[in-house]
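Protein chains in written order, with the working numbering: chain A, 8 to 212; chain B, 8 to 212.
Take a look at the structure below.
2 protein chains.
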Amino acid sequence: MNILVPFDVQTPKTRLKKQLSSEERQAFARALLRDVTTAVVEAGHTPELLATGPVETQHAVTIKEEPLTGAVNTVLQQRSPPTAVLMADLGLATPHAINRMFKPTADVVLVPGRSGGTNAFLTRHPEFYVNYHGGSLRDHRRIANRIGASVVEIDSFRLATDIDDPADLIEVLLHTNGAASQWLKENGFRLDSDAGELQLVRSQK
Amino acid sequence: MNILVPFDVQTPKTRLKKQLSSEERQAFARALLRDVTTAVVEAGHTPELLATGPVETQHAVTIKEEPLTGAVNTVLQQRSPPTAVLMADLGLATPHAINRMFKPTADVVLVPGRSGGTNAFLTRHPEFYVNYHGGSLRDHRRIANRIGASVVEIDSFRLATDIDDPADLIEVLLHTNGAASQWLKENGFRLDSDAGELQLVRSQK
């Protein structure tokens, strides 16, 4: 089983520009990546990074400078299935949640993300390919259908939550104790509920 | 097993004010409620509405005019456990997702919602009580802990997604074919992905 985790080495987490400096976004993205790869390892699998450039890691790295869709499709063409791909920002991923992807025997297992994204998938079908964008789930359903592949979707909040937006940082602090959560705490972030709703606040260093 | 679905008869779905008129919000909230109660029935259970006033339904209704927290706590005091409570706007709920709540044998089963809410719970412990607000999940974890109740949390995107905000309407159209989805389609809503990202658009009637 190939388990690939695509990682944008250059400009990760641009939607956190208001909350984090460029350097901080790099560090936070790497903490998320560590949490995802650790969860994959603890689930009993061997992750491999599919990175846009060199990256410091203990795991195998394949470098593809192409954008995400092209990089993943190149790998899908070059390797024999089964291949699984998990986004590097699934900061709530647990070994249990990841293993739920491997249980169905369907040709294609899709893990929906919020807003119609595809946060992870597993394919056992040699003709499956991807087309990542905001609403990629519908495309991936259609592609699977067109090639006659059976499809199962995994219902997981942890895997549906990619850590992209400021509100997602709340989820990290609420649901995990991994590297990303530690990084946020060490950098002054905490949850505050004085106003009733949970808010993310940051103390000055 | 008591299975209660709290329902705000008067002013549901206020966060959809820009998208829907007051009358439309009433109709849409009732469509969501139908989807939730249908999923509960198809899961093999008997739902009961906990409503703020009279409501037309084929199910049993208990009327409590208090705000949500007080109403649920009154019922928890009056009934013998086990009692489960599911929010009326879990528009992606399926029988399968609902049944996942009933599998663990823990004293308290919590179903996290996005942003730290509690979208559903099941209690077998006579002392458990609720305190609903934006970040209620943390409180419910603490309450369970304080009364010595064992806790399990259910990892479900479908149950974590309460249909509150405009972006949630996209999820309804993407993941369901129930009454709420039908209502949206009949009222001109559809998904558009011309701009790459999935957008919700509404045609003039």
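A virtual CB, placed ideally from N, CA and C, is assigned to each residue, including glycine.
Every value quoted in this text rests on a predicted model; they were computed, and no experiment measured them.
Check: Of all the alpha helix (DSSP H) runs that stay within the bounds of the segment 80-161 of chain A, which reach a length of 4 or more residues?; Outcome: 102-109, 143-153
Check: Taking the straight line between their C-alpha atoms, what separation do you get for B/Glu31 and B/Asp96?; Outcome: 15 angstroms
Check: If you drop the 5 nearest sequence neighbours on each side, which residues of the same chain put their C-beta closer than 7 angstroms to that of A/Pro88?; Outcome: Thr130, Arg131, His132, Pro133
Check: Rounded to whole angstroms, what's the CA-CA distance from A/Asn106 to A/Ala50? Just pull it up for me.; Outcome: 6 angstroms
Check: In this structure, what does DSSP give as the bridge partners for A/Ile70?; Outcome: A/Ala58
Check: Strictly under 8 angstroms for the Cβ-Cβ distance: is A/Phe109 near chain B by that measure?; Outcome: no
Check: Going along the chain, which residues of the segment 177-192 of chain A sit with their C-beta nearer than 8 angstroms to a C-beta in chain B?; Outcome: Ile177, Glu178, Leu181, His182
Check: Alpha carbons only, please: which of A/Ser200, A/Ala36, A/Asp42, A/Val208 is nearest the one belonging to A/Pro102?; Outcome: A/Asp42
Check: Using a threshold of 8 angstroms, state whether the C-beta atoms of B/Pro119 and B/Ala174 are closer than that.; Outcome: no
Check: For B/Ala104, which residues in chain A fall below 8 angstroms Cβ to Cβ?; Outcome: Asp162
Check: So the candidates are A/Gln65, A/Leu75, A/Val47, A/Val48; which of them puts its Cα closest to the Cα of A/Leu57?; Outcome: A/Leu75
Check: With burial defined as no fewer than 16 other Cβ atoms inside 10 Å of the residue's Cβ, what is the status of B/Asp199: buried or exposed?; Outcome: exposed
Check: With a threshold of 8 angstroms between beta-carbons, can A/Leu97 be considered close to chain B, or not?; Outcome: no
Check: Please state whether the Cβ-Cβ distance between A/Leu83 and A/Tyr139 is less than 8 angstroms.; Outcome: no
Check: If you measure from the beta carbon of A/His147 to each beta carbon in chain B, is any gap under 8 angstroms?; Outcome: no
Check: Using a Cβ-Cβ cutoff of 8 angstroms, what residues of the segment 109-139 of chain B are near chain D? List them in chain order.; Outcome: Here chain D cannot be found, since the structure's protein chains are A and B.
Check: Looking at C-alpha atoms only, which residue of A/Ser29, A/Arg86, A/Val179 is the closest neighbour of A/Phe196?; Outcome: A/Val179
Check: Please list the partners that B/Ala100 has in chain A, where partner means a Cβ-to-Cβ separation under 7 angstroms.; Outcome: Near B/Ala100 there are no residues of chain A at all, since even the closest Cβ is about 10 angstroms away, more than 7 angstroms.
Check: Going by the DSSP bridge assignment, what does A/Val12 pair with across the sheet?; Outcome: A/Leu56
Check: Please classify B/Asp201: does DSSP put it in a helix, a strand, or coil?; Outcome: coil
Check: With a threshold of 8 angstroms between beta-carbons, can A/Ser200 be considered close to chain B, or not?; Outcome: yes
Check: Taking A/Gly141 and B/Leu205 to be in contact with their CB atoms under 8 angstroms, please state how far apart those CB atoms are, rounded to whole angstroms.; Outcome: 5 angstroms
Check: Is A/Leu191 helix, strand or coil when you go by DSSP?; Outcome: helix
Check: With C-beta atoms as the reference, is A/Glu160 less than 8 angstroms away from A/Leu117?; Outcome: yes
Check: With a threshold of 7 angstroms on Cβ separation, who are the neighbours of A/Met108 within its own chain once the five nearest residues in sequence on each side are excluded?; Outcome: Ala91, Val116, Val118, Ala127, Leu129, Ile161
Check: For B/Gly124, count the other beta carbons within 10 Å of its own beta carbon; 16 or more makes it buried, fewer makes it exposed. Which is it?; Outcome: buried
Check: Would you list the residues sitting across from A/Val208 in a DSSP beta bridge?; Outcome: A/Arg197
Check: Whole-angstrom Cβ separation of A/Gly155 and A/Thr45, contact assumed at under 8 angstroms?; Outcome: Not a contact, Cβ separation roughly 36 angstroms.
Check: Can you tell me which of the three DSSP states A/Thr168 falls into?; Outcome: coil
Check: Please classify B/Asn152 as buried or exposed, where buried requires at least 16 neighbouring CB atoms within 10 angstroms.; Outcome: exposed
Check: Quick one: what's got a C-beta closer than 7 angstroms to A/Val208's C-beta in the same chain, skipping five residues either side?; Outcome: Arg197, Asp199
Check: Under 7 angstroms Cβ to Cβ from B/His66, same chain only, skipping five residues before and after it: list those, please.; Outcome: Thr44, Pro54, Glu55, Leu56
Check: Please name the residue, chosen from B/Leu176, B/Asp15, B/Ala113, that lies closest to B/Leu191 on a Cα-to-Cα basis.; Outcome: B/Leu176
Check: Using only alpha-carbon positions, find the residue among B/His182, B/Ile150, B/Asn194 that is nearest to B/Asn80.; Outcome: B/Ile150
Check: Between the beta-carbon of B/Arg22 and the beta-carbon of B/Asp201, is there less than 8 angstroms?; Outcome: no
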